[in-house]
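**Student:** Could you have a look at this structure, given as structure tokens, before my questions?
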């Protein structure tokens with residue numbers, strides 16, 4: 002499977018809702034902290050969106066090889082525990098995915114196959130070692146690293162930008178005026194694969210914090226470029242009972 006798929010298998014998941022809806026509201030955020038370096042990194046870390054138990058929906062637009070496809074995505078998360086995704090097109094469910102701390106379960110209703118294996122499967126697809134927490138953080142616009150790991154990077158030229166190098170991947174973070182993540186980039190120094198994520202249209206969710214209303218992601222691998230847009234709407238903080246995925250007995254194991 003091509004490595005350009007990972008980001009979008011992982012990221013084609015996003016937000017807006019029904020029962021116990023909390024309308025996303027325009028936000029007047031706290032003023033950006035003064036000073037450079039550590040104070041801003043700490044503010045970025047302290048302004049993380051609190052996931053808790055939450056449900057979203059989104060409109061997703063995926064463009065690859067000049068071919069654009071549109072999806073509806075239903076997304077649920079339990080903080081530090083699980084990400085559940087249902088991807089549909091024209092009202093027909095195509096893929097259902099559950100990522101837990103140490104396992105991945107995915108069913109593809111179009112070709113009647115399933116995957117049930119360790120999270121190494123997603124790491125192999127992405128070519129990047131990441132955790133459940135980092136996947137959740139990416140989807141809600143939280144930094145993937147803690148304040149103590151962030152180092153100022155070309156501050157005088159680019160503004161509040163921080164850098165982290167981990168496992169051969171160079172990450173850069175740009176901070177907005179709400180002390181939230183504006184741009185996240187990663188560059189694999191070996192493969193030269195580049196990921197660019199832009200967060201915008203921030204909204205306030207009561208008791209949880211500020212969440213982006215739009216995420217625009219591009220993945221470049223040599224001459225090949227894939228783009229994904231996720232547009233969020235409403236969010237529900239109502240608790241849900243189960244995220245379990247039942248694998249139909251007639252489905253074939255995609256890894257065999």
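Residue numbers (my numbering): 2 to 257.
All C-beta atoms, glycine included, are put in the ideal place defined by N, C-alpha and C.
(1) If I measure Cβ to Cβ from residue 241 and keep anything under 8 Å in the same chain, skipping five residues before and after, which residues do I get?
(2) Is the Cβ-Cβ distance between residue 215 and residue 231 less than 8 Å?
(3) Check residue 198 in the structure and name its three-state DSSP category.
(4) Secondary structure at residue 245, three-state DSSP: helix, strand or coil?
(5) Distance check for residue 211 and residue 205, CA to CA, integer angstroms please.
(6) Can you check whether the CB of residue 113 is closer than 8 Å to the CB of residue 251?
(7) Please determine, among 80, 81, 75, 93, the residue with the shortest C-alpha to C-alpha distance to residue 87.
(8) Looking at the unbroken alpha helix (DSSP H) that takes in residue 40, where does it start and where does it end?
(9) Residue 189 lies in the beta strand (DSSP E); which residues open and close that run?
(10) Measuring straight from C-alpha to C-alpha, what distance separates residue 140 and residue 233?
(11) On the three-state DSSP scale, how would you describe residue 148?
(12) Sort out for me which residues DSSP pairs residue 131 with in a bridge.
(13) Which residues does DSSP pair with residue 115 in a beta bridge?
(14) Express the C-alpha separation of residue 40 and residue 115 in angstroms, rounding to a whole number.
(15) If we count the other Cβ atoms within 10 Å of its Cβ and call it buried at 16 or more, is residue 192 buried or exposed?
(16) Please determine, among 124, 70, 217, 227, the residue with the shortest C-alpha to C-alpha distance to residue 95.
(17) Any idea if residue 213 is buried or exposed, counting beta-carbon neighbours within 10 angstroms, 16 or more meaning buried?
(18) Under a Cβ-count criterion, where at least 16 other Cβ atoms within 10 Å of its own Cβ denotes burial, should residue 1 be classed as buried or exposed?
(19) In the DSSP output, which residue or residues are listed as bridge partners for residue 98?
(20) Determine which residues share a DSSP beta bridge with residue 73 and list them.
(21) Quick one: what does DSSP say residue 52 is sitting in, helix, strand or coil?
(22) Taking buried to mean at least 16 other C-beta atoms within 10 Å of its own C-beta, is residue 243 buried or exposed?
(23) Looking at the ligand FMN, does it come within less than 7 Å of residue 170, judged from the CB to the closest heavy atom?
(24) Under three-state DSSP, which class holds residue 222?
(25) Using only CA atoms, which one of 67, 144, 188, 235 lies nearest to residue 48?
**Tutor:** Walking through what the data contain:
(1) Here residue 241 refers to the residue found at position 240 when the chain shown is read from its first residue. If we look at residue 241 and ignore the five residues flanking it on each side, its Cβ neighbours are 54, 56, 77.
(2) As a working note, residue 215 is residue 214 in the chain shown. As a working note, residue 231 is residue 230 in the chain shown. Yes, the Cβ-Cβ distance between residue 215 and residue 231 is below 8 Å.
(3) As a first step, residue 198 is located in the chain shown; it is residue number 197 there, counting from the start. Looking at residue 198 - three-state DSSP - the assignment turns out to be strand.
(4) Here residue 245 corresponds to residue number 244 of the chain shown, with the count starting at 1. Of the three classes helix, strand and coil, the one that applies to residue 245 here is coil, per DSSP.
(5) The residue you call residue 205 lines up with position 204 of the chain shown. The residue you call residue 211 lines up with position 210 of the chain shown. Roughly 4 Å separates the two Cα atoms.
(6) The count along the chain shown starts at 1 and reaches residue 251 at position 250. The count along the chain shown starts at 1 and reaches residue 113 at position 112. In this structure, residue 113 lies closer than 8 Å to residue 251 by Cβ.
(7) Against the chain shown, residue 87 aligns to sequence position 86. With distances taken between Cα atoms, residue 87 lies closest to 75.
(8) Along the chain shown, one-based indexing puts residue 40 at 39. That run of the alpha helix (DSSP H) goes 39-47.
(9) If you number the chain shown from 1, residue 189 lands on position 188. Note, residue 189: beta strand (DSSP E), 182-189.
(10) Here the question's residue 140 lines up with position 139 in the chain shown. Here the question's residue 233 lines up with position 232 in the chain shown. Taking the straight line from one Cα to the other gives about 11 Å.
(11) Against the chain shown, residue 148 aligns to sequence position 147. Residue state, collapsed to three classes: helix.
(12) If you number the chain shown from 1, residue 131 lands on position 130. In the DSSP output, where bridge partners are listed per residue, residue 131 has none listed.
(13) As a working note, residue 115 is residue 114 in the chain shown. According to DSSP, which records beta bridges pairwise, residue 115 is partnered with 108, 254.
(14) As a first step, residue 115 is located in the chain shown; it is residue number 114 there, counting from the start. As a first step, residue 40 is located in the chain shown; it is residue number 39 there, counting from the start. Roughly 46 Å separates the two Cα atoms.
(15) Walking along the chain shown from the start, residue 192 turns up at place 191. That one is exposed.
(16) Counting from 1 along the chain shown, the entry for residue 95 is found at position 94. Cα-wise, what sits closest to residue 95 is 70.
(17) Taking the first residue of the chain shown as 1, we reach residue 213 at position 212. Flag for residue 213 reads buried.
(18) The requested residue 1 does not occur in the structure, where the chain is confined to residues 2 to 257.
(19) One-based indexing of the chain shown puts residue 98 at position 97. DSSP, once it has assigned bridges, lists 86, 107 as partnering residue 98.
(20) Residue mapping note: residue 73 aligns to position 72 of the chain shown, counting from 1. The partner list for residue 73 (beta bridge, DSSP) reads 60, 89.
(21) Stepping through the chain shown from its first residue, residue 52 is reached at position 51. Residue 52 falls in the coil class under three-state DSSP.
(22) Taking the chain shown and counting its residues from 1, one reaches residue 243 at position 242. Exposed is the call here.
(23) Here there are no bound small molecules, and the ligand FMN is not part of this structure.
(24) For the purposes of this step, residue 222 is taken as the residue at position 221 of the chain shown. Here residue 222 sits in strand by DSSP.
(25) Translated into positions along the chain shown, residue 48 becomes position 47. Comparing Cα positions, the closest option is 144.
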